[in-house]
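Here's the structure, in structure tokens; my notes come after.
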């Protein structure tokens, strides 16, 4: 049985120059949920009938699965530079531990390493996988740019927001599913079902992320509650509140958006407005819609233990506490 | 006949979000010698017997040729951020015209765009071309890291230096030649000859660059003379001087390396030491050796108009004034 953590650990970064490869090793060793490569492997497993991550077809998926994880960690590394984030997974970020130039250059090399891993995809599958991988990588960069653009825009619709998180988060999960399944021999209908499953769990995942930031349990959430509110981040909750509020609540909310010096008071007040407007319930309805859409895709796939684990995963993601 | 400048201009960057694609368009429109895609096309043309950049085999090389140029411009964009360079090709750099985060993210997207272009390589050639492209991209990043490392090292040998410029400059030219030839049907012996030609003209090119910085004509060179001397850059000339100097000259040279406040005087004094030690002649000998090694490779290729242009190119590069 393939152990994705072991596979990531066994990647060899003991190469020269050390200044280029040490930060890559450090960034990848910090852990994380490894959800993207796991999705690729489970997708493949579903197609070859659920031996649960075993056998030749799954072995063939591994290079692409690793490429997805290295790519994801590359985006985190460069995002942390752009956000000036000091901590990632409980450790100093690369640009803090080394410096910004190191984070830029080692990040670039990580993106190249993702493509090196991708070149381990069987030759007959490589042209299509490379196209999807490029499409995915483009989506993530476009989504990141939209997220930056939103900070400076006074009007962002829920639709704009859904488009942004689809690009920034969902296309990576969707392509992880599609690529894994394709390498294992999925039919076009199955490829599309896997893609749509990934897309919808990604949307549900991101909205749950926004919800936990306000309503999460500080003990299990791992981050400070209310961070998005303090930063005036245009989340699903804020945009829903702005779209559905009556004139009075909207004025109150806009007032708080300009108060950047009273964080605790601001978190309490904005949360109270959210509660009054029922935005948490609206988020839950949207999340459940996307979870249901994801689950519906599974009917188009072979029914086996791997498909069952995809069912559980979709349900867990929507109910997660951290 | 393929016009590489037109092909670059016809790439479509009119996509959303504008904040991501506008800087890419700007960076690529600034021009440059387009030497890498030109080498790929001429290499292909040599193999298909010198119709001079025409016909189906050459058309098939175009996506890879464009990928090489987009990749090269990506490295310039990120290098300029790392070097805090204000000007590139007479225009403000992307991180000055926009900001650093834009330069990082649009640069990342440019690297992805290079791989998107590369996926236009014919399917049967793609696996090998992707491997070489990845090897080339890795070399450039490793070379960049070594160049940074050298700044902080007290001892750098000529051998270290040649290894660095081979990675930072030559592997890109070498792979441009090899990839172009391979797509056009070069045999393994021809592929290797094309690769070695690119490698050696790259080395000659870089040493000529170092020489022009000291001995170039200010009217044609385009940059201020003596920039490398002022910055204590470990060039072929400086490292040769340090390796060949007697104790007295070496002490004098090391003294000037610590004087960072008397630039004009420093340029004159260091140039005088170079003249006394004959480092310019040493550079010319090494350059001629590599030019000869490049030219010798051409005997292994079909002899036609394209091969003749490679002969001229090698001779011109070594004798260029700017």
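Chains as they are written, first to last, in the numbering used here: chain D, 874 to 1195; chain Z, 874 to 1195.
Note that the Cβ used here is the ideal one computed from N, Cα and C, for glycine as well.
- Between residue 885(Z) and chain D, the shortest Cβ-Cβ separation is not below 8 Å.
- C-alpha of residue 959(D) to C-alpha of residue 1112(D): approximately 28 Å in a straight line.
- Collapsing the DSSP output to three states places residue 1056(Z) in a helix.
- For residue 948(Z), the enclosing alpha helix (DSSP H) stretches over residues 929 to 956.
- Residue environment: residue 980(D) is assigned as buried (16 or more neighbouring CB atoms within 10 Å of its CB, all protein chains considered).
- When rounded, the separation of the alpha-carbon atoms in residue 1100(D) and residue 1085(D) is 10 Å.
- Here the C-alpha atom of residue 930(Z) lies approximately 19 Å from the C-alpha atom of residue 1005(Z).
- Residue range 1120 to 1131 is occupied by the alpha helix (DSSP H) that includes residue 1123(Z).
- Taken atom to atom, the span from the alpha-carbon of residue 1036(D) to that of residue 890(D) is near 40 Å.
- Identification of residues in the stretch 997 to 1019 of chain D having a C-beta nearer than 7 Å to some C-beta of chain Z yields 999, 1000, 1003, 1004, 1007, 1010, 1011, 1014, 1015, 1017, 1018 and 1019, given in sequence order.
- Taking 4 residues as the shortest admissible run, the stretch 949 to 1025 of chain D contains the following complete alpha helix (DSSP H) segments, listed from N- to C-terminal end: 967 to 970, 973 to 991 and 999 to 1024.
- For residue 954(Z), a Cβ of chain D is located within less than 8 Å of the residue's own Cβ.
- Here residue 1063(D) carries a helix assignment [DSSP, helix/strand/coil].
- At least one CB atom of chain Z sits nearer than 8 Å to the CB of residue 992(D).
- Chain-ordered, the chain D residues with CB closer than 8 Å to the CB of residue 1022(Z) read 890 and 892.
- In its chain, beyond the 5 residues on either side, 1023, 1107 and 1112 have a beta carbon closer than 8 Å to the beta carbon of residue 1029(Z).
- Taking residue 1109(Z) as reference, the option from 1091(Z), 1082(Z) and 935(Z) with the minimal CA-CA separation is 1082(Z).
- Note that the C-beta distance between residue 897(Z) and residue 1009(Z) is not below 8 Å.
- Chain order gives no chain D residues near residue 1033(Z), where near means a beta carbon separation below 9 Å; the closest approach is about 11 Å.
- For the pair residue 1102(D) and residue 1128(D), the Cα-to-Cα distance works out to about 13 Å.
- Nearest in C-alpha terms to residue 963(D), of all of 1021(D), 1096(D), 999(D) and 985(D), is 1096(D).
- Taking 8 Å as the CB threshold, residue 968(Z) stays off the interface with chain D.
- Contact between the stretch 1048 to 1068 of chain Z and the stretch 1137 to 1149 of chain Z is absent: fewer than three C-beta pairs spanning the two stretches fall below 8 Å.
- At least 8 Å separates the beta-carbon of residue 1191(D) from that of residue 1047(D).
- The beta carbon of residue 1149(Z) sits closer than 7 Å to those of 1122, all from its chain and outside the five residues before and after it, given in chain order.
- Contact annotation for residue 982(Z) against chain D: 1010, 1011, 1014, 1015 and 1018 [CB-CB distance below 9 Å, chain order].
- Here residue 1175(Z) carries a coil assignment [DSSP, helix/strand/coil].
- Excluding the 5 residues flanking it on each side, residue 1055(D) has same chain C-beta neighbours closer than 6 Å at 1064, in chain order.
- If you ignore the 5 residues before and after residue 881(D), its C-beta comes within less than 8 Å of the C-beta of 901, 907, 910, 939 and 942, all in its own chain and listed in chain order.
- In the structure shown, the three-state DSSP call for residue 1193(Z) is coil.
- Within the stretch 931 to 957 of chain Z, 951, 954 and 955 place their CB atoms closer than 7 Å to a CB of chain D, listed in sequence order.
- Listed by position along chain D, the residues whose Cβ is nearer than 8 Å to that of residue 875(Z) form an empty set, because the closest Cβ is around 23 Å away.
- Using a CB distance cut-off of 8 Å, residue 1072(Z) does not count as an interface residue toward chain D.
- Counted as a single uninterrupted DSSP element, the stretch harbouring residue 906(Z) is not any alpha helix (DSSP H), since DSSP gives it neither H nor E.
- For residue 1149(D), the enclosing alpha helix (DSSP H) starts and ends at 1136 to 1150.
- Proximity of residue 974(D) to chain Z, defined by a Cβ-Cβ separation below 8 Å, is satisfied.
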